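Q: Protein chains in written order, with full-length UniProt numbering: chain A, 1 to 437; chain B, 1 to 437.
Just so it is clear, CB atoms sit at the ideal spot from N, CA and C, and this is done for glycine as well.
Given the structure is predicted, the values throughout are model-derived calculations rather than measurements.
Sharing a structure here in structure tokens format.
Protein chains: 2
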Amino acid sequence: MSKGHDRHLHLGLWLTFLDAAEWRDPASRAEELNSLQPYVEVAEIGERAKLDALIRGDGLGLPLPDPEQAFAGSLEILTLLAALAARTERIGLIGTASTTFTEPYNLARTLATLDHLSNGRVGWNIVTSIAGEEQFGYDEIPGHEERYERADEFIEVVSKLWASWEPDAVLVDRENGVFFDPDKINTIDHHGKHFRVAGPLNIARPPQGRPVFVQAGDSEKGRDFAARHAEIVFTAQNDIGKAQAFYRDVKRRVERQGRDAARVSILPGLVVTIGGSEAEAQELHDRFLARIDYERTRRNLESLLGGVDLSDIDLDERVPEERLPEAGALTRQPGRAQIFIDLAKEKGATLRRLLQALGTAHGHGRVFGTPEQVADHIQRWAGARAADGFAVSPAQGLAGARLFADEVVPILQDRGLFRREYTGGTLRDHLGLPPVP
Amino acid sequence: MSKGHDRHLHLGLWLTFLDAAEWRDPASRAEELNSLQPYVEVAEIGERAKLDALIRGDGLGLPLPDPEQAFAGSLEILTLLAALAARTERIGLIGTASTTFTEPYNLARTLATLDHLSNGRVGWNIVTSIAGEEQFGYDEIPGHEERYERADEFIEVVSKLWASWEPDAVLVDRENGVFFDPDKINTIDHHGKHFRVAGPLNIARPPQGRPVFVQAGDSEKGRDFAARHAEIVFTAQNDIGKAQAFYRDVKRRVERQGRDAARVSILPGLVVTIGGSEAEAQELHDRFLARIDYERTRRNLESLLGGVDLSDIDLDERVPEERLPEAGALTRQPGRAQIFIDLAKEKGATLRRLLQALGTAHGHGRVFGTPEQVADHIQRWAGARAADGFAVSPAQGLAGARLFADEVVPILQDRGLFRREYTGGTLRDHLGLPPVP
């Protein structure tokens, strides 16, 4: 990867087709929320634009049964990606799965199968989960520390399983009747604190060796975990200075692990609103803001901040500092909480601004403007080493994905910032990553 | 379902494209064992023939690392079916998953997603697993009794989760901004011996209400379990008289549960070899027998029979009765073991014949002949109430699937025994099952 403005970006596309409130539009396809077809259309849009990957989170609970929240129900993402693997050829497929609430042998099989079926296009967004314990017999979710400890061992186990078939174990020697070489398939005999797994995996080595490791590590523990394992780091950043500091910090941590920092791509989320003119973009953005349900969003913010009560604060007042928790003391999403604490403390944001930041983009960056302006924003952040690219979330749903692919990406291509064609077949190829040892 | 010979059969197609030894054929596609393409071809063949479903087992271990065994490595089936859901329109998709080594909340999500993405075409082959404990931290596999007890509770939990969204919970009321009705999404608050699960599921009710329940219940416990839950019963039968007795017994058990026996389809496996003439079929069958590795198959039989030593018995001798175990005392697959014990005791089968039954069809029925003869066999068993149809496993791989679809199915259609067109969209429709209450 070369330096400065001309280096190549990596772009992921959030795999959704309905903006959170967009469903009320008469033309929305809200009825198809659980159907394959609209996801296939997003996937095709992303592939046409030669994007690196489709990405999608996943949740285990049904938070706040809220009648306006179309997304409370969410298809299991690895299953959805398997369907999309069968309808795409080149684009990467990044899905989320929990190390806290799954078994390593099962998840290793699912991801290996996905990597085989997609010819090596799978990425695994590794999460330790911030919810869901009540579905798995826990009284409360294991602590931050314990979750990350289990996650480290989980990754050790699945990595050993994926490596349990050596690359040349499959022979298909018809003449001698030898399908595979049993000497090249090894047990792993893992005996750890959290897992005992004998191995080998019962699936041949995946095409990429293993899925690309993706992580969203906002907290201290999360950053260290990302530094040890991640090849893509997702992050929520809405301030270029803070994003630069995060970027420097993570790359430094990666280097301290003896890894090549250039091979870890930092991709902040970016909620994009595209208009034909500046005025149209402004109008779309205003409409986006107008859709926020401040009452509901305040409850979400209170929950993110560890249960603080903000109900007596006027929307146009600042949140008193003594109401704000120490992010480090929070069990769930301390990094994400920090963004809002910073906004309130350092930027003097009113409650309304906090709720806008949460309600429109969950703390991620936002940009609205003409295709040119959106491209400028992307180029500026990348040039300033605040990002290696973005995980783009179109605020206008399927139409927004189309606008990004057809209007913004060509500008980035013309500026030499983004590929015009895929040069390889696997997600590792798209990211310029070397083979797994 | 009408009575006698003219009733409609249900036919599943084993989702494989390589016969166990066929891979040595120069024209085989053994190199594609882990690629999507050949499975798509099998799926298209099955759908063209209007078969009820594709079916496939799954295993968690890598038994007997044996260099001739192409199938030791096996893709995770639910992931494979998700990919096939995206490439097919009507055929049912039946996959295997374990109640012993998965969590109900996770499996409920995967199967609900599959049912959504396939528009209601999913069946779940419920297994309690006979291997794999060493991958999940167990010293030994939980006993037969405990596995079935857990399986009963597992089914209770996942059924509650699938029912946790009432059918009319999703409103998509644009005018009033109400996506779903929170009063119609219910927690399940399950507190059982094996599981504590709060619910609700975070995915809307699947199109079929829940997947079609499929079970292979050979043992006493298995038959009772099937009687309580199954809508399709897979079984290994290689004798029409025993198959009739099994059929009567299972249907009676179903009725004793207060269920309609006509709505439970009993489908024995059937390994099919099709020739253009009787002589050609015989020759193909002989070639099939000649491929058996008697040494390896004997080890498999010894293991199936609970570790008995048969190494000193000549292939053309009978197995002494005192060497044969009581099937009921076996932890793994007592029902399958019974088939071989019966063959040895009642039919006086030589060791060679036992190994042929195991090595070619794992105890399932076998038929070889012209398309007409294969159709006759199917009609005869169905007419004699030994089966409601078959799970067909073509011994000639992809070519065999094509022969079955193009040569045998039309005969069954001409005889009025099998549909010429799908009349519904879901697997429940194909099976003539009423909606889930």
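My guess is that residue 236 (chain B) and residue 363 (chain B) are in contact by the Cβ rule of under 8 Å, so how many angstroms apart are they, rounded?
A: Indeed they touch by this definition, with Cβ atoms about 4 Å apart.
Q: Taking 7 Å as the cut-off, decide whether the C-beta atoms of residue 192 (chain B) and residue 153 (chain B) are in contact.
A: Closer than 7 Å, so yes.
Q: In whole angstroms, what is the alpha-carbon distance linking residue 102 (chain B) and residue 106 (chain A)?
A: 8 Å
Q: For residue 212 (chain A), which beta-bridge partners are listed by DSSP?
A: A:123
Q: In angstroms with no decimal places, state the Cα-to-Cα distance between residue 277 (chain B) and residue 134 (chain B).
A: 48 Å
Q: How would you label residue 346 (chain B), buried or exposed, when you count the other beta carbons within 10 angstroms and need 16 or more for buried?
A: Looking at its Cβ environment, which holds fewer than 16 other Cβ atoms inside 10 Å, residue 346 (chain B) is exposed.
Q: Need the endpoints of the alpha helix (DSSP H) that residue 325 (chain B) sits in, please.
A: No alpha helix (DSSP H) contains residue 325 (chain B), which DSSP labels as neither H nor E.
Q: Does any C-beta atom of chain B lie closer than 7 Å to the C-beta of residue 116 (chain A)?
A: Yes, its Cβ sits closer than 7 Å to a Cβ of chain B.
Q: Within 7 Å of any Cβ in chain A, is that where the Cβ of residue 190 (chain B) sits?
A: no
Q: Measuring straight from C-alpha to C-alpha, what distance separates residue 376 (chain B) and residue 212 (chain B)?
A: 29 Å
Q: For residue 40 (chain A), which residues from the same chain have a beta carbon less than 7 Å from its beta carbon, with the 5 sequence-adjacent residues on both sides left out?
A: 84, 87
Q: Can you check whether the C-beta of residue 12 (chain B) is within less than 7 Å of a C-beta belonging to chain A?
A: no
Q: Quick check: what's the CA-CA separation for residue 209 (chain B) versus residue 162 (chain B)?
A: When rounded, the distance between both Cα atoms is 7 Å.
Q: Counting only Cβ pairs nearer than 8 Å, list the residues of chain B close to residue 203 (chain A).
A: 34, 73, 74, 75, 76
Q: Restricting to Cα atoms, I'd like to know which of A:274, A:158, A:80, A:159 is closest to residue 34 (chain A).
A: A:80
Q: For a cutoff of 7 Å on Cβ pairs, would you count residue 198 (chain B) as touching chain A?
A: Closer than 7 Å: yes.
Q: With DSSP collapsed to three states, give me the class of residue 159 (chain B).
A: helix
Q: What would DSSP say about residue 17 (chain A), mapped onto helix, strand or coil?
A: coil
Q: What residues from chain A crowd round residue 294 (chain B), counting only those whose CB sits closer than 7 Å?
A: In chain order: nothing, as chain A lies at least about 14 Å away.
Q: Is residue 92 (chain A) near residue 430 (chain A), with beta carbons less than 7 Å apart?
A: yes
Q: List the residues that DSSP assigns as beta-bridge partners of residue 173 (chain B).
A: For residue 173 (chain B), the beta-bridge partners assigned by DSSP are B:178.
Q: Along the alpha helix (DSSP H) that carries residue 110 (chain A), what are the first and last residues, could you check?
A: Here the alpha helix (DSSP H) through residue 110 (chain A) covers 104-117.
Q: Contact between the region 277-291 of chain B and the region 325-334 of chain B: three or more CB pairs below 8 Å?
A: no
Q: Report the CB separation of residue 58 (chain B) from residue 76 (chain B) in whole angstroms; it is logged as a contact under 8 Å.
A: 7 Å
Q: Rounded C-beta distance between residue 214 (chain A) and residue 394 (chain A)? I'm assuming under 8 Å.
A: With a Cβ gap of about 20 Å, residue 214 (chain A) and residue 394 (chain A) do not count as contacting.
Q: If the criterion is Cβ atoms closer than 7 Å, does the pair residue 203 (chain A) and residue 112 (chain A) meet it?
A: Taking 7 Å as the Cβ cut-off, residue 203 (chain A) and residue 112 (chain A) qualify as a contacting pair.
Q: Is the number of C-beta pairs between the region 356-375 of chain B and the region 406-415 of chain B that are closer than 8 Å three or more?
A: yes
Q: Measuring straight from C-alpha to C-alpha, what distance separates residue 359 (chain B) and residue 297 (chain B)?
A: 6 Å
Q: In chain order, which beta strand (DSSP E) runs of at least 3 residues are fully inside the region 306-373 of chain A?
A: 365-369
Q: For a contact meaning CB atoms closer than 8 Å, what does residue 59 (chain A) contact in chain B?
A: 202
Q: Over the uninterrupted beta strand (DSSP E) stretch that includes residue 234 (chain B), give me the two end residues.
A: It spans 232-235 - the beta strand (DSSP E) in which residue 234 (chain B) sits, taken as one unbroken run.
Q: Check whether the Cβ of residue 329 (chain A) lies closer than 7 Å to any Cβ atom in chain B.
A: no
Q: So which of B:301, B:242, B:255 has the shortest CA-CA distance to residue 226 (chain B)?
A: B:255
Q: Distance check for residue 169 (chain A) and residue 177 (chain A), CA to CA, integer angstroms please.
A: 14 Å
Q: Residue 18 (chain B): buried (16+ other C-beta within 10 angstroms of its C-beta) or exposed?
A: Residue 18 (chain B) is buried by the Cβ-count criterion.
Q: Secondary structure at residue 200 (chain B), three-state DSSP: helix, strand or coil?
A: Residue state, collapsed to three classes: coil.
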